[in-house]
Amino acid sequence: MYEAERKHNIILDTVGDIILYVDKYGKIIDINKRVEIKLGYKKEELLGKSFMDVGIIDVKYIPTLAKMFRQGLISDSGSKIELGLKHKNGNIIAVEANNKFIVQNGDVIGAVTAFRDITERNKALTQIENNIEHFAHLIDHIRNPLAILNTFTQVRISDNELKERMQAQIDRIDEIITQLDEGWMDTEDTRKFLKNYK
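Take 56 as the starting number for the sequence shown in the numbering used here and just add one per residue.
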């Protein structure tokens, strides 16, 4: 029995997420050591205390989390939400909470929640949004002078051979811009998908 528990703890402590096990009243039964790295608390500081009262949940998320737990007690379903956990030093860390309720003989007896730090993912999504916006502006800034060049070529150049060569290059640039624009639309769809998926 001791060996199985030791292996269980090794596995739990190796996981990159904070893993929390609470009873149906929200009392912390077990938590892995990742809480020390991510939030600055020793495991022993949290064991046996009410999850809602220990101060690691940013106050504005308590109603959302309480609702998730109440719904789970009724339906036995797991769920996923984003919220902020409070580090011992007061900093807020963005996490995704993936929750699963533990059922025994038809009754919910507790829950296991994995809290994944999504700080880097959120930074990456913000950077993608900024890049897409910048890219859209660049495309517009290229199109405007290209339209002027096209008009200039049609009106001011009388040499037909030169006009055709110029027009061919303008059309080629316009085609490249169109391909970039279509790629931007694909990226915009990808960004929306990522935002909805997270």
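Note that the Cβ used here is the ideal one computed from N, Cα and C, for glycine as well.
- Of all C-beta pairs linking the segment 85–105 to the segment 60–74, three or more are shorter than 8 Å, placing the two stretches in contact.
- N205 and H189 have their C-alpha atoms roughly 25 Å apart.
- Note: T181 is not bridge-paired with any residue in the DSSP secondary-structure output.
- Residue pairing by DSSP places D172 opposite V150 in a beta bridge.
- Put simply, the backbone Cα of L193 is about 46 Å away from that of K155.
- In terms of Cβ geometry, V150 and F124 do not form a close pair [threshold 8 Å].
- Here the C-alpha atom of K97 lies approximately 21 Å from the C-alpha atom of L138.
- DSSP places L67 in the helix class (H, G or I) of the three-state scheme.
- Per DSSP, reduced to three states, the secondary structure at F190 is helical.
- Going by DSSP, V114 is part of no alpha helix (DSSP H) at all; its letter is neither H nor E.
- For D195 and T233, the gap between their C-alpha atoms comes out near 11 Å.
- Within the same chain, and ignoring the five residues on either side of S134 in sequence, the residues whose Cβ sits closer than 6 Å to its Cβ are M123 and N154.
- By the Cβ criterion, the segment 75–82 is in contact with the segment 160–177, since at least three pairs of Cβ atoms, one from each stretch, lie closer than 8 Å.
- V167 has Y76 and K155 as its beta-bridge partners, per DSSP.
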